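Numbering (my numbering), first residue to last: 1094 to 1452. We put the CB at the ideal spot given by N, CA and C, even for glycine. Quick caveat: nothing in here was measured; it's all calculated off a predicted structure. Below: the structure, in C-alpha coordinates.
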(Lines of atoms letter the chains of each structure in order from A and count residues from 1; the text may use other names and numbers.)
(Lines give C-alpha, C1' and ligand atoms only; values in the text may rest on other atoms or scores of the structure.)
Protein backbone atom coordinates (compact mmCIF):
# COMPACT_ATOMS: atom_id res chain seq x y z
CA UNK A 1 0.00 0.00 0.00
CA UNK A 2 2.90 2.35 0.67
CA UNK A 3 4.07 1.78 -2.90
CA UNK A 4 0.53 2.38 -4.22
CA UNK A 5 0.38 5.68 -2.34
CA UNK A 6 3.79 6.72 -3.71
CA UNK A 7 2.68 5.86 -7.24
CA UNK A 8 -0.55 7.81 -6.81
CA UNK A 9 1.38 10.95 -5.87
CA UNK A 10 2.85 10.96 -9.37
CA UNK A 11 -0.53 12.10 -10.63
CA UNK A 12 -1.12 14.96 -8.18
CA UNK A 13 -1.90 18.13 -10.10
CA UNK A 14 -2.54 16.53 -13.49
CA UNK A 15 -5.46 14.11 -13.09
CA UNK A 16 -8.27 16.53 -12.11
CA UNK A 17 -11.19 16.27 -11.88
CA UNK A 18 -10.34 12.63 -11.07
CA UNK A 19 -8.38 11.64 -7.96
CA UNK A 20 -4.72 10.65 -8.28
CA UNK A 21 -4.92 6.96 -7.39
CA UNK A 22 -2.14 4.38 -7.14
CA UNK A 23 -2.49 0.60 -7.60
CA UNK A 24 -0.17 -2.39 -7.15
CA UNK A 25 -0.88 -6.03 -8.06
CA UNK A 26 0.93 -8.71 -6.06
CA UNK A 27 0.90 -12.50 -6.34
CA UNK A 28 2.60 -15.26 -4.42
CA UNK A 29 5.33 -17.08 -6.34
CA UNK A 30 7.42 -19.78 -4.66
CA UNK A 31 6.20 -18.62 -1.25
CA UNK A 32 7.17 -14.98 -1.70
CA UNK A 33 5.18 -11.90 -2.80
CA UNK A 34 6.02 -10.62 -6.31
CA UNK A 35 4.80 -7.35 -7.79
CA UNK A 36 3.38 -8.09 -11.24
CA UNK A 37 1.67 -4.80 -12.07
CA UNK A 38 1.82 -1.14 -11.05
CA UNK A 39 -0.38 1.75 -12.12
CA UNK A 40 -1.33 5.32 -11.35
CA UNK A 41 -4.01 7.63 -12.74
CA UNK A 42 -2.82 9.05 -16.04
CA UNK A 43 -2.85 12.75 -17.04
CA UNK A 44 -6.36 14.04 -17.56
CA UNK A 45 -7.71 11.36 -15.23
CA UNK A 46 -7.74 8.38 -17.61
CA UNK A 47 -6.86 5.55 -17.76
CA UNK A 48 -7.48 4.87 -14.10
CA UNK A 49 -4.76 3.38 -11.89
CA UNK A 50 -6.39 -0.05 -11.63
CA UNK A 51 -6.69 -0.42 -15.40
CA UNK A 52 -3.05 0.59 -15.85
CA UNK A 53 -1.90 -1.96 -13.26
CA UNK A 54 -4.04 -4.70 -14.82
CA UNK A 55 -2.66 -3.90 -18.27
CA UNK A 56 0.89 -4.27 -17.02
CA UNK A 57 0.14 -7.45 -15.11
CA UNK A 58 -1.68 -9.20 -17.94
CA UNK A 59 -2.45 -12.86 -17.20
CA UNK A 60 -0.43 -12.68 -13.97
CA UNK A 61 -3.31 -10.73 -12.38
CA UNK A 62 -5.42 -13.90 -12.12
CA UNK A 63 -5.52 -15.03 -8.49
CA UNK A 64 -3.47 -12.02 -7.33
CA UNK A 65 -4.10 -9.24 -4.78
CA UNK A 66 -4.74 -5.65 -5.85
CA UNK A 67 -3.70 -2.87 -3.47
CA UNK A 68 -5.40 0.42 -4.35
CA UNK A 69 -5.50 3.81 -2.59
CA UNK A 70 -9.20 4.48 -3.26
CA UNK A 71 -12.27 2.34 -3.88
CA UNK A 72 -12.47 1.16 -7.52
CA UNK A 73 -15.21 2.94 -9.46
CA UNK A 74 -18.45 1.08 -10.17
CA UNK A 75 -20.21 3.48 -12.54
CA UNK A 76 -19.97 4.13 -16.27
CA UNK A 77 -18.33 7.49 -16.85
CA UNK A 78 -16.06 8.21 -19.79
CA UNK A 79 -14.61 4.74 -19.23
CA UNK A 80 -16.16 1.43 -18.07
CA UNK A 81 -16.12 0.65 -14.31
CA UNK A 82 -12.78 -0.40 -12.85
CA UNK A 83 -14.66 -2.92 -10.68
CA UNK A 84 -15.72 -4.78 -13.83
CA UNK A 85 -12.14 -4.80 -15.16
CA UNK A 86 -10.89 -6.21 -11.83
CA UNK A 87 -13.50 -8.97 -11.89
CA UNK A 88 -12.75 -9.84 -15.52
CA UNK A 89 -9.00 -10.06 -14.79
CA UNK A 90 -9.55 -12.70 -12.12
CA UNK A 91 -8.20 -10.73 -9.17
CA UNK A 92 -8.81 -12.77 -6.00
CA UNK A 93 -8.41 -10.09 -3.31
CA UNK A 94 -8.63 -6.30 -3.18
CA UNK A 95 -7.08 -4.23 -0.39
CA UNK A 96 -8.49 -0.70 -0.59
CA UNK A 97 -7.39 2.22 1.57
CA UNK A 98 -10.64 4.21 1.47
CA UNK A 99 -14.25 4.13 0.41
CA UNK A 100 -14.79 6.71 -2.34
CA UNK A 101 -16.90 9.70 -1.12
CA UNK A 102 -18.16 10.21 -4.69
CA UNK A 103 -21.92 9.52 -4.38
CA UNK A 104 -21.75 7.61 -7.68
CA UNK A 105 -19.44 5.09 -5.98
CA UNK A 106 -19.74 5.36 -2.16
CA UNK A 107 -19.27 1.66 -1.40
CA UNK A 108 -20.86 0.31 -4.59
CA UNK A 109 -17.46 -0.60 -6.04
CA UNK A 110 -16.54 -2.69 -3.02
CA UNK A 111 -20.01 -4.26 -3.02
CA UNK A 112 -19.70 -5.25 -6.67
CA UNK A 113 -16.34 -6.90 -6.04
CA UNK A 114 -17.66 -8.83 -3.03
CA UNK A 115 -20.70 -9.97 -5.03
CA UNK A 116 -18.30 -11.45 -7.59
CA UNK A 117 -16.58 -13.49 -4.88
CA UNK A 118 -13.53 -11.24 -4.45
CA UNK A 119 -12.23 -10.79 -0.90
CA UNK A 120 -12.26 -7.07 -0.05
CA UNK A 121 -10.45 -5.38 2.83
CA UNK A 122 -10.83 -1.64 3.48
CA UNK A 123 -8.77 0.67 5.69
CA UNK A 124 -5.11 -0.21 5.24
CA UNK A 125 -3.18 3.08 4.90
CA UNK A 126 -6.37 5.09 5.37
CA UNK A 127 -4.79 8.06 7.16
CA UNK A 128 -2.17 8.63 4.47
CA UNK A 129 -4.75 7.99 1.75
CA UNK A 130 -7.00 10.68 3.21
CA UNK A 131 -4.12 13.15 2.92
CA UNK A 132 -3.32 12.03 -0.63
CA UNK A 133 -6.97 12.30 -1.70
CA UNK A 134 -7.78 15.42 0.33
CA UNK A 135 -8.71 17.36 -2.80
CA UNK A 136 -11.09 14.71 -4.11
CA UNK A 137 -12.65 14.23 -0.67
CA UNK A 138 -13.12 17.97 -0.11
CA UNK A 139 -14.69 18.47 -3.55
CA UNK A 140 -17.07 15.56 -3.08
CA UNK A 141 -18.11 16.41 0.48
CA UNK A 142 -17.96 20.21 0.57
CA UNK A 143 -18.22 21.22 -3.09
CA UNK A 144 -14.90 23.07 -3.09
CA UNK A 145 -11.18 22.36 -3.60
CA UNK A 146 -8.75 21.54 -0.82
CA UNK A 147 -6.95 24.85 -0.14
CA UNK A 148 -3.27 25.16 0.74
CA UNK A 149 -2.08 28.65 1.70
CA UNK A 150 1.56 29.36 0.85
CA UNK A 151 3.26 32.24 2.67
CA UNK A 152 6.82 33.51 2.72
CA UNK A 153 7.57 35.63 5.79
CA UNK A 154 10.56 37.45 7.18
CA UNK A 155 11.88 36.88 10.69
CA UNK A 156 9.74 39.82 11.83
CA UNK A 157 6.56 38.48 10.20
CA UNK A 158 6.53 40.63 7.07
CA UNK A 159 5.67 39.68 3.49
CA UNK A 160 6.73 42.84 1.66
CA UNK A 161 8.58 46.11 1.99
CA UNK A 162 7.09 49.48 2.91
CA UNK A 163 4.58 50.80 0.41
CA UNK A 164 3.68 47.23 -0.59
CA UNK A 165 6.85 46.97 -2.63
CA UNK A 166 8.00 43.38 -3.28
CA UNK A 167 10.94 42.12 -1.27
CA UNK A 168 13.21 39.12 -1.81
CA UNK A 169 12.44 37.29 1.43
CA UNK A 170 13.44 33.68 0.81
CA UNK A 171 16.22 32.14 -1.28
CA UNK A 172 16.66 29.92 -4.33
CA UNK A 173 16.04 26.66 -2.48
CA UNK A 174 12.58 27.90 -1.50
CA UNK A 175 11.84 28.92 -5.09
CA UNK A 176 12.59 25.36 -6.23
CA UNK A 177 10.42 23.90 -3.46
CA UNK A 178 7.50 26.17 -4.37
CA UNK A 179 7.73 25.22 -8.04
CA UNK A 180 7.49 21.55 -7.03
CA UNK A 181 4.43 22.36 -4.94
CA UNK A 182 2.83 24.15 -7.88
CA UNK A 183 3.23 21.04 -10.00
CA UNK A 184 1.29 19.02 -7.40
CA UNK A 185 -1.75 21.33 -7.42
CA UNK A 186 -4.49 21.65 -10.01
CA UNK A 187 -4.59 25.45 -9.78
CA UNK A 188 -2.80 28.35 -8.15
CA UNK A 189 -4.58 31.53 -7.06
CA UNK A 190 -3.52 35.12 -6.52
CA UNK A 191 -5.25 38.48 -6.28
CA UNK A 192 -4.89 41.10 -8.99
CA UNK A 193 -2.79 43.21 -6.60
CA UNK A 194 -0.03 40.60 -6.71
CA UNK A 195 -0.32 40.44 -10.49
CA UNK A 196 0.06 44.22 -10.76
CA UNK A 197 2.93 44.47 -8.27
CA UNK A 198 5.00 41.37 -9.11
CA UNK A 199 3.92 40.44 -12.68
CA UNK A 200 4.38 36.74 -11.82
CA UNK A 201 4.27 33.87 -14.32
CA UNK A 202 3.07 31.31 -11.71
CA UNK A 203 4.32 28.41 -13.83
CA UNK A 204 6.49 25.48 -12.79
CA UNK A 205 9.86 26.48 -14.22
CA UNK A 206 11.96 23.52 -13.15
CA UNK A 207 13.76 21.67 -15.96
CA UNK A 208 11.34 19.43 -17.82
CA UNK A 209 8.37 20.32 -15.61
CA UNK A 210 6.74 23.33 -17.26
CA UNK A 211 4.05 21.10 -18.74
CA UNK A 212 2.96 20.32 -15.17
CA UNK A 213 2.16 23.99 -14.50
CA UNK A 214 -1.23 24.48 -12.82
CA UNK A 215 -4.13 26.57 -14.01
CA UNK A 216 -3.45 30.19 -12.97
CA UNK A 217 -6.45 31.85 -11.24
CA UNK A 218 -6.60 35.61 -10.62
CA UNK A 219 -9.18 37.30 -8.38
CA UNK A 220 -9.83 40.49 -10.34
CA UNK A 221 -13.26 41.96 -9.63
CA UNK A 222 -12.84 44.94 -11.98
CA UNK A 223 -10.68 43.23 -14.65
CA UNK A 224 -7.48 45.20 -14.13
CA UNK A 225 -5.12 42.41 -15.22
CA UNK A 226 -2.71 44.01 -17.73
CA UNK A 227 -2.74 42.70 -21.29
CA UNK A 228 1.04 43.08 -21.51
CA UNK A 229 1.69 41.17 -18.28
CA UNK A 230 3.23 37.72 -17.98
CA UNK A 231 -0.07 36.02 -17.19
CA UNK A 232 -2.12 37.34 -20.12
CA UNK A 233 0.76 36.88 -22.56
CA UNK A 234 1.17 33.21 -21.61
CA UNK A 235 -2.53 32.32 -21.37
CA UNK A 236 -2.54 30.27 -24.58
CA UNK A 237 0.35 28.13 -23.30
CA UNK A 238 -0.91 27.61 -19.73
CA UNK A 239 -4.53 28.40 -18.81
CA UNK A 240 -5.38 31.62 -17.01
CA UNK A 241 -8.81 32.00 -15.42
CA UNK A 242 -9.74 35.50 -14.25
CA UNK A 243 -12.61 35.69 -11.77
CA UNK A 244 -14.46 39.00 -12.10
CA UNK A 245 -17.51 40.62 -10.58
CA UNK A 246 -20.69 40.90 -12.61
CA UNK A 247 -20.04 44.62 -13.21
CA UNK A 248 -16.53 44.09 -14.60
CA UNK A 249 -15.82 45.99 -17.81
CA UNK A 250 -17.08 44.10 -20.89
CA UNK A 251 -14.36 45.78 -22.99
CA UNK A 252 -11.62 44.63 -20.59
CA UNK A 253 -13.11 41.14 -20.59
CA UNK A 254 -13.13 41.00 -24.39
CA UNK A 255 -9.52 42.20 -24.57
CA UNK A 256 -8.35 39.54 -22.12
CA UNK A 257 -10.34 36.85 -23.89
CA UNK A 258 -8.63 37.83 -27.13
CA UNK A 259 -5.33 36.90 -25.42
CA UNK A 260 -6.70 33.48 -24.42
CA UNK A 261 -7.71 34.36 -20.87
CA UNK A 262 -10.95 32.76 -19.66
CA UNK A 263 -13.30 35.04 -17.73
CA UNK A 264 -15.42 33.64 -14.88
CA UNK A 265 -17.86 35.54 -12.70
CA UNK A 266 -18.53 35.38 -8.97
CA UNK A 267 -20.53 37.53 -6.54
CA UNK A 268 -18.78 40.52 -4.97
CA UNK A 269 -19.50 42.62 -1.91
CA UNK A 270 -18.00 46.11 -1.53
CA UNK A 271 -15.64 45.38 -4.39
CA UNK A 272 -14.33 42.12 -2.88
CA UNK A 273 -15.11 38.78 -4.48
CA UNK A 274 -16.80 36.16 -2.32
CA UNK A 275 -14.00 33.62 -1.96
CA UNK A 276 -16.38 30.82 -0.91
CA UNK A 277 -18.31 31.36 -4.15
CA UNK A 278 -15.03 31.40 -6.08
CA UNK A 279 -14.10 28.00 -4.62
CA UNK A 280 -17.46 26.53 -5.55
CA UNK A 281 -16.98 27.84 -9.07
CA UNK A 282 -13.54 26.23 -9.31
CA UNK A 283 -14.87 22.92 -7.98
CA UNK A 284 -17.62 22.94 -10.60
CA UNK A 285 -14.87 23.18 -13.20
CA UNK A 286 -13.06 20.17 -11.74
CA UNK A 287 -10.39 21.76 -9.54
CA UNK A 288 -9.66 19.61 -6.48
CA UNK A 289 -6.36 21.03 -5.13
CA UNK A 290 -5.78 24.79 -4.98
CA UNK A 291 -2.66 26.57 -3.79
CA UNK A 292 -3.27 30.16 -2.71
CA UNK A 293 -0.11 32.13 -3.35
CA UNK A 294 -1.56 35.63 -3.22
CA UNK A 295 -0.58 38.52 -1.01
CA UNK A 296 -1.65 39.52 2.51
CA UNK A 297 -5.16 40.62 1.46
CA UNK A 298 -6.03 37.35 -0.26
CA UNK A 299 -4.51 35.33 2.59
CA UNK A 300 -6.66 37.23 5.08
CA UNK A 301 -9.83 36.72 3.04
CA UNK A 302 -9.37 32.94 2.97
CA UNK A 303 -8.50 32.78 6.66
CA UNK A 304 -11.44 34.97 7.65
CA UNK A 305 -13.79 32.65 5.72
CA UNK A 306 -12.22 29.55 7.36
CA UNK A 307 -11.27 28.18 3.95
CA UNK A 308 -7.63 27.27 4.61
CA UNK A 309 -7.18 23.50 4.93
CA UNK A 310 -3.37 23.40 4.94
CA UNK A 311 -0.49 25.85 4.90
CA UNK A 312 3.16 25.99 3.91
CA UNK A 313 4.87 28.75 5.86
CA UNK A 314 8.34 29.56 4.52
CA UNK A 315 10.35 31.48 7.11
CA UNK A 316 13.42 33.58 6.38
CA UNK A 317 16.08 34.70 8.86
CA UNK A 318 16.01 38.14 7.19
CA UNK A 319 14.15 41.09 8.72
CA UNK A 320 12.29 43.80 6.82
CA UNK A 321 11.48 46.29 9.54
CA UNK A 322 8.39 47.78 11.17
CA UNK A 323 7.28 49.57 7.99
CA UNK A 324 7.00 46.30 6.08
CA UNK A 325 3.70 44.71 5.06
CA UNK A 326 2.30 42.14 7.48
CA UNK A 327 2.07 38.61 6.08
CA UNK A 328 -1.70 38.49 6.68
CA UNK A 329 -3.66 41.73 6.25
CA UNK A 330 -5.10 42.89 9.56
CA UNK A 331 -4.20 39.67 11.37
CA UNK A 332 -1.32 38.37 13.39
CA UNK A 333 0.52 35.39 11.96
CA UNK A 334 -0.82 33.19 14.74
CA UNK A 335 -4.29 33.62 13.23
CA UNK A 336 -2.96 30.94 10.88
CA UNK A 337 -0.60 28.95 13.08
CA UNK A 338 -3.03 28.64 16.03
CA UNK A 339 -5.88 27.51 13.79
CA UNK A 340 -4.04 24.61 12.14
CA UNK A 341 -1.91 21.79 13.53
CA UNK A 342 1.84 21.84 12.86
CA UNK A 343 2.81 18.70 10.95
CA UNK A 344 6.56 19.21 10.51
CA UNK A 345 9.36 21.73 10.14
CA UNK A 346 12.20 21.36 7.62
CA UNK A 347 15.23 23.40 6.55
CA UNK A 348 15.11 24.74 2.98
CA UNK A 349 18.53 26.15 2.21
CA UNK A 350 19.11 29.11 4.52
CA UNK A 351 15.36 29.28 5.18
CA UNK A 352 12.85 26.83 6.67
CA UNK A 353 9.33 25.62 5.99
CA UNK A 354 6.56 24.65 8.39
CA UNK A 355 3.65 22.55 7.13
CA UNK A 356 0.27 22.86 8.81
CA UNK A 357 -3.10 21.15 8.30
CA UNK A 358 -6.52 21.05 9.89
CA UNK A 359 -6.40 18.88 13.01
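Kindly identify the DSSP beta-bridge partner or partners of residue i.
i	result
residue 1239	1382
residue 1334	1310 and 1355
residue 1445	1408 and 1440
residue 1419	1251
residue 1362	1365
residue 1122	1125
residue 1132	1116
residue 1244	1406
residue 1401	According to DSSP, which records beta bridges pairwise, residue 1401 is partnered with nothing at all.
residue 1214	1188
residue 1258	1254
residue 1159	1118 and 1187
Note down, in chain order, each residue of its chain lying with its Cβ closer than 7 angstroms to the Cβ of residue i, except the 5 sequence neighbours on either side.
i	result
residue 1269	1299
residue 1368	1394, 1395, 1398 and 1400
residue 1428	1396 and 1421
residue 1093	Residue 1093 lies beyond the range of the chain shown here (1094 to 1452); nothing can be said about it.
residue 1303	1296 and 1297
residue 1087	Here the chain covers residues 1094 to 1452 and nothing more, so residue 1087 does not appear.
Is residue j closer than 8 angstroms to residue i when the C-beta atoms are compared?
i	j	result
residue 1335	residue 1349	yes
residue 1446	residue 1407	yes
residue 1147	residue 1176	no
residue 1412	residue 1232	no
residue 1116	residue 1099	no
residue 1202	residue 1238	no
residue 1343	residue 1309	no
residue 1322	residue 1346	no
residue 1191	residue 1163	yes
residue 1417	residue 1253	yes
residue 1241	residue 1404	yes
residue 1358	residue 1337	yes
residue 1373	residue 1236	yes
residue 1234	residue 1194	yes
residue 1271	residue 1243	yes
To the nearest angstrom, how far is the alpha carbon of residue i from that of residue j?
i	j	result
residue 1153	residue 1213	19 angstroms
residue 1200	residue 1215	10 angstroms
residue 1316	residue 1294	18 angstroms
residue 1106	residue 1225	11 angstroms
residue 1229	residue 1449	19 angstroms
residue 1366	residue 1207	48 angstroms
residue 1296	residue 1329	13 angstroms
residue 1339	residue 1356	11 angstroms
residue 1205	residue 1273	38 angstroms
residue 1119	residue 1378	36 angstroms
residue 1155	residue 1209	14 angstroms
residue 1168	residue 1431	42 angstroms
residue 1409	residue 1187	47 angstroms
residue 1360	residue 1249	35 angstroms
residue 1138	residue 1276	16 angstroms
residue 1435	residue 1127	38 angstroms
residue 1180	residue 1161	15 angstroms
residue 1426	residue 1402	16 angstroms
residue 1102	residue 1223	12 angstroms
residue 1452	residue 1198	27 angstroms
residue 1104	residue 1136	7 angstroms
residue 1282	residue 1291	14 angstroms
residue 1278	residue 1123	42 angstroms
residue 1419	residue 1375	28 angstroms
residue 1363	residue 1385	22 angstroms
residue 1351	residue 1301	29 angstroms
residue 1354	residue 1318	10 angstroms
residue 1121	residue 1111	31 angstroms
Sorted by chain position, which residues of the same chain lie with C-beta nearer than 8 angstroms to residue i's C-beta, five sequence neighbours on each side aside?
i	result
residue 1284	1311, 1312, 1313, 1387, 1388, 1390 and 1391
residue 1144	1132, 1172, 1175 and 1178
residue 1211	1179, 1180, 1184, 1185, 1186 and 1187
residue 1150	1118, 1129, 1130, 1157 and 1182
residue 1109	1138, 1228, 1279, 1379, 1380, 1381 and 1382
Between residue i and the rest of its own chain, which residues show a CB-CB distance below 6 angstroms, the 5 nearest in sequence each way excluded?
i	result
residue 1245	1262, 1263 and 1407
residue 1280	1307, 1308, 1310, 1380 and 1383
residue 1266	1441 and 1442
residue 1142	1114, 1115, 1116, 1132, 1133 and 1134
residue 1094	1160, 1217 and 1218
residue 1221	1098
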